[in-house]
Amino acid sequence: MMRAIASRFLHSHSSPSSFTIVVASRIGRLLSTGSSKVEEPVQVEEAETVEVPPPPTEKLLVLGGNGFVGSHICREALKRGLTVSSFNRSGKPFVNDSWVNRVFWHQGNILLPDALKNALNGVTSVISCVGGFGSNSHMYKINGTANINAIRAAAEQGIKRFVYVSAADFGLANYLLQGYYEGKKAAETELMIRFPYGGVILRPGFIHGTRQVGSMKLPLGIIGSPLEMVLQHAKPLNEIPLIGPLFTPPVNVNSVARVSIRAATDPVFPPGIIDAHAILRYSQQKSA
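Each residue of the sequence shown is one higher than the one before, starting from 11 at the first, in the working numbering.
Rendered as structure tokens:
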């Protein structure tokens, strides 16, 4: 019986090429690396497409964005492609400049509770240029209390970086503007408590540039620019007792704007106090 089955099987496969040669040729293909024949491409199933969300957009809130320093910060931030919003008492300024229409303006009183709640929605960093002059009590309220409120509100919102444009210490001159400097020092202390790793304090001296006052433009650079050129190389004079702070170099408003934005958006920018000399140095560096 077995012989009959074997004989029938061999008879039906009498040609060795129909079975053994096919098997051998397939094994040869797998082992051969020098064949000149083009093999049929191996079909691979297409990988599933996974949608990766784009990186979050930086949204900057400028407190006092309609002022001298704040308006330059807004313009510089827009140049860098940031989404910019501003909060101030008067809202959108009546200035016929194209940049104004590209900023989201919020109007309100920063001294009131929860004034910044809506303005802080979606914000990734804050720069405060809030400040002013007047009586000692008024100056403390504007330079101190207003900024402290903003710092606390930003911290409660979970914002990571906060930049405060403060002012250089002018020694004896501080007594003439006691409320101004005491308010700023109180705001600086609050910032270092609430933002130990993301708080930056800029302490420029005299800030020069073209300042818009109503319909007039004041070219403050006529005085400030030459003094900046001279005093930026005279840092040892700042160490002279009593009068040393008077030799603090003036800083161009564009330099303040560039460094403020870098401090607000660069996660590796060091926290702490940036004096006038450091502002000049950082402003000359290329942004990362």
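Beta carbons are placed, not taken as given, at the ideal position from N, Cα and C, and that holds for glycine.
Keep in mind it's a predicted model, so treat the numbers as computed, not measured.
Its Cα nearest to that of Leu237, the residue Phe257 stands out among Phe257, Pro251, Arg221, Thr220. DSSP lists Asn98 as the bridge partner or partners of Gln117.
Per DSSP, the beta-bridge partners of Phe172 are Val136, Gly209. Cβ atoms of Pro103 and Tyr207 stay farther apart than 8 Å, at about 34 Å. Taken through DSSP and simplified to helix, strand or coil, Gly234 comes out as helix. Rounded to the nearest whole angstrom, the C-alpha separation of Val269 and Ser145 is 31 Å. Here Pro255 carries a helix assignment [DSSP, helix/strand/coil]. With contacts defined by Cβ atoms closer than 7 Å, Ser235 and Ile211 do not form a contacting pair. Here Gly282 is bridged, per DSSP, to Val210. Within a 10 Å sphere around the beta-carbon of His218 sit 16 or more other beta-carbons, which makes this residue buried.
Between Val261 and Ile137, the alpha-carbon positions lie close to 18 Å from each other. For the pair of segments examined, the stretch 289-296 was found not to touch the stretch 154-161: the number of CB pairs separated by less than 8 Å stays below three. Setting aside the 5 residues that flank it on each side, Phe78 is surrounded in the same chain by Arg221, each with a C-beta closer than 6 Å to its C-beta; the list follows chain order. By the Cβ criterion, the stretch 124-141 is in contact with the stretch 88-100, since at least three pairs of Cβ atoms, one from each stretch, lie closer than 8 Å. The continuous beta strand (DSSP E) containing Lys227 extends over residues 226-229.
For the options Gly181, Leu230, Glu166, the alpha carbon positioned closest to that of Ile203 is the one of Glu166. Cβ-Cβ separation between Ala286 and Arg213: approximately 7 Å, consistent with a contact (criterion under 8 Å).
Counting only the Cα atoms, Glu249 lies some 42 Å from Val105.
Taking all protein chains in view, the Cβ of Pro229 is surrounded by fewer than 16 other Cβ atoms within 10 Å, so the residue is classified as exposed.
Cβ contact annotation for Lys69 (same chain, cutoff 6 Å, sequence separation greater than five): Thr93, Gly132, Val133, Thr134, in chain order.
Under the 10 Å beta carbon count, Ser265 is surrounded by 16 or more other beta carbons and is classified as buried.
Here Met149 is buried. Its C-beta has 16 or more other C-beta atoms within 10 Å. With a 10 Å radius around the Cβ and a threshold of 16 neighbouring Cβ atoms, Phe143 comes out exposed. According to the DSSP secondary-structure assignment, Lys69 is paired through a beta bridge with Thr93.
In the displayed model, Gln188 falls within a helix according to three-state DSSP.
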